[in-house]
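What follows is a single structure, written as structure tokens, with notes after it.
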Amino acid sequence: MSEALEIQNLQPWSAVIAQVHGLYTNGSEEIQLGEPSVLCFRTAAEAPGQPVNLQITTVETTSATVSWAEPKVKNGPLDGYDLSVCAANDSAGLSCEGENVTQAVTLNGSSKTEYTLTGLDPWTDYIVVLVAFNRGPDNDTKMASPEATKVFQTDAAVPGSITKFSFTEVTNTSIKLLWTQPDFLGGNLDHYNVTHCKVERCSAHNQYGLYSVSLQADCRTQPVNTTSIHLTNLEPWTSYELSVAAVSELRDGTHLTGSAAELCAVTKQGVPGKVADLAVTTTADTLLVKWRRPEAPRGEIAGYKIVACIDSGRELPGCEEVFVSGDKSTVEYVFQNRKPWTSYTVTLSAENRDEDGGVLEGEAEMKTVKTLPGEPLNVVGTAERGKFVNVSWEAPSSPRGPLDGYSVSWLIFDWLGRLTGRGSRVTTELSASIANWKPYSNYTFYVKAFHKLRDGGSLYGGESSVTIRTAVDESHEVDFIRRVNTLFSNK
């Protein structure tokens, strides 16, 4: 006959020593114990308690390290841990099972309390679910602990390049840029860096049309929060390298800049600058006009407008206008059949054409051809006491035509600076004399050459002058000497 006894309230995975004695009486009331039978056994394992101190110790762009501590209650040998990772989303909430699981790993044994997750997506919310387990008697079943969970977010990565980059609405001072966000954002897309640089030139290469072929220079970068920008205040007919890069922001505020998409565009033609080195040389009946291309052409110069006008100085002159086409570095034009010894004003401006053929005329540069005679040379004044004052000169080194004479004018001041006389005359000689000699006076002569115009007027050249002082009158000088001699003889 066998006996059985159920022992209650034993702890899981505990060692139990059972000692069974037979009981008998020896005929008295005293109970005697027989020889014991001893049995030692261990209670079965159960599910352990929840792992504690679950933490995400390091987080990077595509990885994270998870650490934890053993359950306070093991209820068995603590055969290992099951670690699951799910991408967090609004629909799944904190659930991490089935199709939501992106990674699952079993860590056998209790010694490992840290694991590094790899292959994660940047800037993504994840849920980590950790359970400890003990195996059943058949070693196939797992008795799992309650779940320990933790939510974390991976760091941002460098964003991809923008897409569908193009330019439109090009004028002579502005360009509009358009694009779409990168296919791979890599994180919290903060803004776009838009850079435009003046370059030497662009050349055709791809469907967008243009890429720069020179080093960057004179660049400007500006952040924008939209997928378009209107660049303004650009220079006409200038090549610009255009680039846009997406920028993500990390938790600490630092930025990650993606690779830039690049294009090159040329602004439309604008109003050209002034021509350079305008020069006009003359013969008796021609005007030779020479100049150089503007330093700021702002386009493919269509040509140059030249206006040559007779400059009479008294009324609106007649003008001749011509257009010289082409865009050479040095240009010249000859006006034929000009009037000899006539003053002309030449006005020259460069012209561009807009896309509709309209004229874009630059600022005019003016050059006046001097046909006035030069100044008389070596003007000398002499005086013969009591008789006359004489002034002489030489012809100008640049007569600029056949001289018709000289205009001589003069002013007379006494020794106190008072104006005592004035006059003028015209002569064809190289000297002039004034008979009204005045003692102890300053004579200032002004001499200038002139050409006679066909209309009866005169064209006066530059003026030369000379000042001479006359001596005292002879009678006053004799009287002065007599007084001095008398003074010394009386001593």
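Residues in the sequence shown are numbered consecutively from 1, following our numbering.
Glycine residues also receive a C-beta, built at the ideal position from the N, C-alpha and C atoms.
- The beta strand (DSSP E) runs lying completely inside the stretch 125–198 and spanning 3 residues or more are 125–135, 142–144, 148–153, 163–168 and 175–180, given in chain order.
- When the five nearest sequence neighbours on each side are left out, the beta carbons in the same chain lying within less than 6 Å of the beta carbon of residue 307 are those of 319, 321 and 347, in order along the chain.
- Each residue's CA atom was taken as its position, placing residue 236 and residue 184 some 36 Å apart.
- Residue 363 and residue 231 have their C-alpha atoms roughly 26 Å apart.
- Contact annotation: the stretch 186–197 touches the stretch 256–263, with at least three C-beta pairs closer than 8 Å.
- Listed as beta-bridge partners of residue 222 by DSSP are 194.
- Boundaries for residue 270: no beta strand (DSSP E) harbours it, and the DSSP string shows neither H nor E there.
- By the Cβ criterion, the stretch 118–133 is not in contact with the stretch 32–43, since fewer than three pairs of Cβ atoms, one from each stretch, lie closer than 8 Å.
- The beta carbon of residue 148 lies closer than 8 Å to those of 50, 51, 52, 54, 68, 129, 130 and 131 in the same chain, with the five residues before and after it left out.
- Under the 8 Å Cβ criterion, the stretch 402–410 counts as touching the stretch 422–431, having at least three qualifying pairs.
- For the options 323, 116, 75 and 37, the alpha carbon positioned closest to that of residue 65 is the one of 116.
- No Cβ-Cβ contact shorter than 8 Å links residue 282 with residue 311.
- According to the DSSP assignment, residue 410 belongs to the beta strand (DSSP E) that extends over 405–413.
- If you keep only unbroken beta strand (DSSP E) runs of at least 3 residues inside the stretch 292–369, you get 303–310, 319–325, 330–335, 344–353, 359–361 and 365–369.
- The C-beta of residue 219 has fewer than 16 other C-beta atoms within 10 Å across all chains shown, which makes the residue exposed.
- Taken through DSSP and simplified to helix, strand or coil, residue 249 comes out as strand.
- The beta-carbon separation of residue 74 and residue 48, rounded to 5 Å, stays under the 8 Å limit for a contact.
- Straight-line measurement puts the Cα of residue 385 at about 18 Å from the Cα of residue 431.
- Put simply, the backbone Cα of residue 163 is about 15 Å away from that of residue 229.
- Looking only at 291, 266, 267 and 56, the smallest Cα-Cα distance to residue 275 is reached by 291.
- Within a 10 Å sphere around the beta-carbon of residue 172 sit 16 or more other beta-carbons, which makes this residue buried.
- Check the Cα spacing between residue 150 and each of 414, 95, 33 and 471: the tightest is with 95.
- In the DSSP assignment, residue 68 falls within the beta strand (DSSP E) that extends over 64–69.
- Within its own chain, the residues whose Cβ lies closer than 7 Å to the Cβ of residue 277, once the five positions on either side in sequence are excluded, are 291 and 292, listed in chain order.
- By the neighbour-count criterion, in which a residue is buried when 16 or more other Cβ atoms sit within 10 angstroms of its Cβ, residue 400 is buried.
- The Cβ atoms of residue 298 and residue 233 do not sit closer than 8 Å to each other.
- For residue 280, the uninterrupted beta strand (DSSP E) segment begins and ends at 276–282.
- If the five residues before and after residue 175 are omitted, its C-beta is found closer than 6 Å to the C-beta atoms of 167, 231 and 265, all from its own chain and listed in chain order.
- Under the three-state reduction of DSSP, residue 241 is assigned to strand.
- Residue environment for residue 391: buried (at least 16 other C-beta atoms within 10 angstroms of its C-beta).
- A Cβ-Cβ contact shorter than 8 Å links residue 59 with residue 155.
- Buried is the label assigned to residue 122, since at least 16 other Cβ atoms lie within 10 Å of its Cβ.
- Scanning 379, 269 and 341 for the CA closest to the CA of residue 467 turns up 379.
- With distances taken between CA atoms, residue 165 lies nearest to 246 out of 304, 246 and 461.
- In the three-state reduction of the DSSP assignment, residue 99 falls in the helix class, which pools H, G and I.
- Counting only the Cα atoms, residue 135 lies some 13 Å from residue 110.
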